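Chains as they are written, first to last, in our numbering: chain A, 1 to 319; chain B, 1 to 321; chain C, 1 to 297; chain D, 1 to 329.
Just so you know, even glycine gets a beta-carbon here, dropped at the ideal spot from N, CA and C.
The structure displayed is predicted, hence computed values, not measured ones.
Since the structure comes first, as structure tokens, the remarks are kept for the end.
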Amino acid sequence: MSGEAPILSVQDISKDFVVNRRVLHAVRRVSLTVPAGRTVGLVGESGSGKSTVGRLAIGLLPATGGRSVFQGHDLSQMSARAMRPLRHAMQIIFQDPQASLSPRMTVGAAVYDAMAIHRLGTPKERWSRVEMLWERVGLPSSIGTAYPFELSGGQLQRVGIARSLAVNPALVVCDEPVSALDVSIQLQIIQLLKTLQDDLGLSYLFISHNLAVVEYLSDTVVVIYLGEVVETAPVEALFRRPSHPYTRLLIDSILRVPAPGAPLQPLTAPVGEMPSPFAPPVGCAFHSRCPLAVDRCSQEVPTLRAIDPEHWVKCHLAD
Amino acid sequence: MGVFRYILKRLVSILGTISAVLALSFILMHYAPGSFFSSANLASAMGTLRMENAHLYASYMQMFRDRYGLNLPLWRQVLEYVWHSLSFNFGNSFENPSVPIMEQLRTAFPISAGLALGSIVLALMVGFPLGVVAALRRNTWVDSVLTTLSMAGQALPSFVLAVILVLVFGVWMPGLVPVNGWGTPANVVLPIVCLAAGNVGVVTRYMRGSLIESLRQDYIRTAEAKGVPYRSVVWRHAVRNSLTALVTVIGPSFAFTVVSTVWVENIFSIPGLGTLLSGAFVDDDIPLAITSVFLLCLMVMGMNLLVDLSYALMNPRVRLE
Amino acid sequence: MMVPAMGAAAAGRAASARTSAARRAWARYRANPLAVVGLVWVLVFFLLGIIGPWVAPHGYAQTNYLMANHPPTWAYPMGTDSLGHDMFSEILFSIRFALEIAIFASLAAFAVGTVLGLWAGLQGGWVDASLMRIVDFFFAFPAYFLDLILVTKFGRGMGPIIFALAVTGWAGYARLIRGLVLGMRDGEMVEAARALGASPLHVAARYLFPNVVSNMLIALAFGIPGDLTVQAALSVVGMGLNPPLPSFGNMIAAAGGNILGYPWLLYWPAGIFAVTLLSFLFVADGLQEALNPKGGY
Amino acid sequence: MADPPLLTIDALHTYFRRGTETIYAVNGVSFTVLPGEAVGVVGESGSGKSVTMLSLLGLVRGRVTVRVAQAQFKSWDLTRLSRRQLEDVRGRDIGVVFQDPMTSLNPVMRVGDQVMEAMLAHQYAPPQAAFRRTLDLFREVGIPDGAARFRAYPHEFSGGMRQRIMLAVAIACEPELLIADEPTTALDVTVQMQILSVLQALRSRRRMSVVMITHDFGVATNFCDRILVLYAGRVVESAAVTDFLARPAHPYTRGLKGSILEIGSRGRSLTPIAGSPPTLTAPPTACTFAPRCPFAVPQCAEELPQLRTLSAGHQVACHRAEEVLDHVG
């Protein structure tokens, strides 16, 4: 990881929201680096702030603190207008492609519009590129005249991917792109994302709650809990030796299909629920649910420290 | 936030709005051609009185000058006017200077307020069940008839309906109910029907729509899955939820009822605020005109407050703010 | 980027998709018989408004005292009023004036409301806050009373009435479009467009506007009969269009007083006016169903 | 296993009228549920898995036609029950938990009342007893401080807590059959584990049968005794979990199992099933999976495969099941 130039470098980024006059620390000093051509997986439960990190990373939301540097541009120092010409290089695909497309625009026009915004090519060239993109993402060319509500979830996600590809991005933030899809369709989309990365050299910031998908696609994994990074490591290291109790909890909560003859997984309830982000626990944010917690955990905030080169854990007890 | 603080807050905001209304009206009237609000115009308007009774004329002139502060700069006049009005000191009317406006309003206001409230109660009592029936029988002929009728009720302004009723009960079948005047219970029938018709249409249509929407919700299926009898599913779960939706859209229509009262009173010759108001506008009796507008606006705002309060009380998710 | 020939074909397809969306909306509209009947009458009403002044047998101010309060005859097919005006001609002119007032007032209010509402919704902050304060004021102060005061001040001609209706009408449109824009502004569709690099203007023109335009048209369709109503209602308290300019409000109000003696004075004005309002509402309702098949009630 | 089945369904068909089209959602589904058994009904969206269970209970919306040859629950023939009688069975003898806990509870009714209502509707307990029992139920499904939470509204709870409330509603009258329609799909994995463990405890404590509708094979295999795979409104395979794991006999089952992405899949090449499931606008006359099937032969495009028994407790609807079983992979 260290050998490649990072395309995206998020440094100590934070985001506070004010909700009903209460401050919500949605993201707290998160750092991550996406090397060119690689995938960083961002994992957490709903409400962990992972989607907010994705938006902060590409400057769709202004950060409260810290900065995000994309291809050498410090986005936190740039106005929305100044960022616009950069946008073709950093794209995002959403969990619900239906909501991200205009219901009054054919999907062909939606992809066309992406190019029109950046004045890429002549109108004729744009339309022919739309045709080419349909093929690229595995859709029939007749799809262009359809409206979003006429398509299935899998087709819509392909449209979303085609639209982000239309402007030749270098980085794509994938915000739960397969969560709403059926398993067989999920696999098709994952395969497509993988092929596109190999062919086009894309970098991904892949946000998901699904550890298996993240493991499959990512080179590096960042685990986030209550807006904080609790563990980050290269993908093999993280799954070989998950070192934060929360990472272990996430992995243990996954129900696997047992191998023939193997025993079933015990259904044992993990302790507690994610606390309200308005009132995170004092000390280690995870101590209220941690099976290993000691007194120190409820008093002292752990620091993110390396237990191996490139394997960082935010836990007093990790070795 | 508690209910009382909420009400207090709303009352303060009503006070602000009504002051703005008064100030705006006063300024507009001040610059109107033939404005009452200048000593010269006042003097010429009371020319006849001067010739008949110079002493009375002088005392009236002084009274109006004092009341409206006509010798003061305009901004002081506005403040004086707003302040007097807010303390329900409306002074005397111009057409009938010996009688304080309050005296005229004391009988007129309850009539109009009663008509408006009565018609709303009637509209709710009729429209609510009709809406429920239309929703439960949706896409049947019952639904089509009710929907069409309620659209007709909504489309026809009360004054058109009023003249049609006068035609029917005055010309075609006279003697059934009085089409004119005030004083007996029978006099109330046609005006209230006229006023209620539009709101019956509105309540029926919105109730139908929001009940159909409620019946589609997941929690209705949960209630059915529990084995709650369908009647209870409809009444305890669906209707309860659609009422909160109904209340959010019904406010403007109920407020509009106050305006309709003005029209209906005029057509049925009912001595309420509306008749007073139209007389005042036609006769350029500006103090009386603005005062009646002021009271009618108060009625509208009170109505809106009631609607908002009932919404907040019905919906546990709303914190009063 | 290559093969330009394919591009033209695709462009053609995109255009045909747009017309097919319109065709589907029209099919839904046609399926509603009341809306179709309403539309027919509204079109007839507009036609009469256009040709009325030319085909009217008498002028609107032309009186014939000898024939005052006369029941219908061949020369006066709808009778005459107390001044001997030909009711048929009066009605034809009334349609013209009513339409002029309602359409100009509605369009003015619509234009002002749309611009201000879009601005408030997109800009947010103090612009939004102060604009909504003003809008709240207009909702708390019933438009009709303000109309009365304005007409008292500026007179009872066509111009002043149009002005009064426009002054009190814009707030509703502004609030509607502001709400719609606000609902979409922070949604994923706009976020996606911004992520593509679209400028605020591009977002407004290509994403927000196409998604609010049908709601705005529906509001306008409800607004026109609303203005017809208020305009006539001014006559009820004696503050309507200045005679001798004829208006439905004046005719209905006048007939209301004479109803026992001369009921024919009421039949046509009240009948046509009622049918017209109902037709406009059916059209508006039909549009609502045709353009927003899922939303609203 | 000598007990007679609790629920026996034979040849269930459900059709929807949508606009001018008819959607054939369920096309002859047959299965049984034994007392105490947990049956997993798996399939992709549109496979008819929810519609199958909900149409038995009269809970399907829209213009819907349900035809069934036999629907026996305990001693009742569900097809012959009046609406009133069916309402009585629902909630008392058959409980239902739905997918989305955020929308499945009435937002303007206190959660305690929503649990009590289930008991009061069936005269299961008088109000006082129902109130006490509601508190017990809250404890049983893991809602702390039940007495204080009784008067709270749904929006004051997290998604996981709301699903626990839904569970309390569903089991309030101690039903013998619980239908769980994707009960954990909308929840995080840690919360899913909590809900499933509550469900499993309830099941073993009460010897309650559970029909678990899910698209998640991990949930189905770890929770259930038997698995029913649905495709395009038909049962394509029915097997005990051991058979399902060791000898899947339908190409679709195999395809789905191959589509599961689990930790450890990294570096493996993916083999998604090509194409997408059909929406049936006509009743199926041939194998609906044939167009996507690597084993398809001309017979598959002509003849509708019937559910046939391969071995005890293992049924499959495929002309080529034997070849599929012989195929290693």
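Residues near residue i in its chain [Cβ-Cβ closer than 6 angstroms; skip 5 each side]
i, result
"LEU34 of chain C", "PHE282"
"ARG63 of chain D", "ARG17"
"SER208 of chain A", "GLU176, VAL214"
"SER55 of chain D", "THR14, VAL66"
"THR33 of chain A", "PRO6, SER9"
"GLY313 of chain D", "ALA240"
Cβ shell of residue i (< 7 angstroms), same chain only, five flanking positions each side left out
i, result
"ALA289 of chain B", "LEU277, ALA280, PHE281"
"MET67 of chain C", "TYR76, THR80, GLY84"
"THR285 of chain D", "LEU304"
"GLY283 of chain A", "CYS297, SER298, GLN299, GLU300, VAL301"
"LEU74 of chain B", "HIS30"
"LEU220 of chain C", "SER106, PHE110"
Option nearest residue i by Cα separation, candidates the options
i, options, result
"GLY118 of chain B", "B:TRP235, B:ASN199, B:LEU79, B:ILE164", "B:ASN199"
"LEU245 of chain C", "C:THR73, C:ALA31, C:VAL44, C:PHE93", "C:PHE93"
"GLU323 of chain D", "D:ALA301, D:TYR153, D:VAL297, D:ALA312", "D:VAL297"
"ILE58 of chain A", "C:LEU266, C:TYR60, C:GLU191", "C:GLU191"
"ALA22 of chain C", "C:TRP264, C:SER214, C:THR114", "C:SER214"
"THR268 of chain A", "D:ARG207, D:SER265, D:LEU199", "D:LEU199"
"MET102 of chain D", "D:THR185, D:ARG149, D:GLY58, D:GLU44", "D:THR185"
"VAL130 of chain A", "A:ALA63, A:GLU273, A:SER164", "A:SER164"
"ILE220 of chain B", "D:GLY58, D:GLU21, D:ALA11", "D:GLY58"
"LEU146 of chain C", "C:ALA166, C:GLY38, C:GLY113, C:VAL112", "C:ALA166"
"SER30 of chain D", "D:GLN70, D:THR281, D:THR20", "D:GLN70"
Chain-ordered neighbours of residue i on chain D, where CB pairs are closer than 9 angstroms
i, result
"ARG317 of chain B", "PRO107, VAL108, TYR153, HIS155"
Opening and closing residue of the beta strand (DSSP E) in which residue i lies
i, result
"LEU32 of chain A", "22 to 35"
"PRO160 of chain C", "Looking at the DSSP string, PRO160 of chain C is not in any beta strand (DSSP E); the run it does join, the alpha helix (DSSP H), is 158 to 185."
"ILE213 of chain D", "209 to 214"
"GLU87 of chain D", "No beta strand (DSSP E) contains GLU87 of chain D, which is instead part of the alpha helix (DSSP H) from 83 to 89."
"VAL332 of chain D", "Lying before the first or after the last residue shown, residue 332 of chain D is absent from chain D, which here runs from 1 to 329."
"THR39 of chain A", "39 to 43"
"ILE179 of chain D", "177 to 181"
Nonlocal neighbours in the same chain, by C-beta distance under 8 angstroms from residue i, ignoring five residues either side
i, result
"PRO277 of chain A", "LEU24, HIS25, ALA26, GLY47, GLY49, LEU226, GLY227"
"ILE134 of chain C", "ALA171"
"ILE18 of chain B", "LEU86, PHE294, CYS297, LEU298, MET301"
"GLN315 of chain D", "VAL235, GLU237, SER238, ALA239, LEU307, ARG308, THR309"
Beta-ladder partner(s) of residue i, from DSSP
i, result
"THR333 of chain D", "Because residue 333 of chain D is not part of the residues shown, which for chain D are 1 to 329, the question remains open."
"MET314 of chain B", "The partner list for MET314 of chain B (beta bridge, DSSP) is empty, contrary to what the question assumes."
"PHE73 of chain D", "D:LEU7, D:TRP76"
"ILE23 of chain D", "D:PHE16"
Contact list for residue i against chain D, beta-carbon separation under 8 angstroms
i, result
"THR268 of chain A", "MET193, SER197"
Contact set between residue i and chain B, taken where Cβ atoms lie within less than 7 angstroms
i, result
"PRO263 of chain C", "LEU167, VAL171"
"GLU117 of chain D", "LYS226, VAL228"
Chain A contact residues for residue i, given Cβ-Cβ distances below 7 angstroms
i, result
"ALA192 of chain C", "PHE94, SER100"
"TYR207 of chain C", "SER102"
Interface residues of chain B facing residue i [CB-CB closer than 9 angstroms]
i, result
"SER244 of chain C", "Rather than Ser, the amino acid found at residue 244 of chain C in this sequence is Pro. Going along chain B, no residue has its Cβ under 9 angstroms from PRO244 of chain C, so there is no contact; the nearest lies around 18 angstroms."
Extent of the continuous alpha helix (DSSP H) run through residue i
i, result
"PHE223 of chain D", "217 to 223"
"LYS153 of chain C", "143 to 154"
"ILE13 of chain A", "Per DSSP, ILE13 of chain A belongs to no alpha helix (DSSP H); it is in the beta strand (DSSP E), 6 to 19."
Under 8 angstroms by beta carbon: chain A residues contacting residue i
i, result
"ILE263 of chain D", "LEU211, ALA212, GLU215, PHE239, ILE251, ILE254, ARG256"
"GLU188 of chain C", "PHE94, ASP96, ALA99, SER100"
7 angstroms Cβ cut-off: residues of chain C touching residue i
i, result
"ILE117 of chain A", "LEU196, GLY197, ALA198, HIS202"
Contacts that residue i makes with chain D (C-beta to C-beta distance below 7 angstroms)
i, result
"GLY154 of chain A", "SER276"
Chain B residues whose Cβ lies nearer than 8 angstroms to that of residue i
i, result
"THR229 of chain C", "PRO157"
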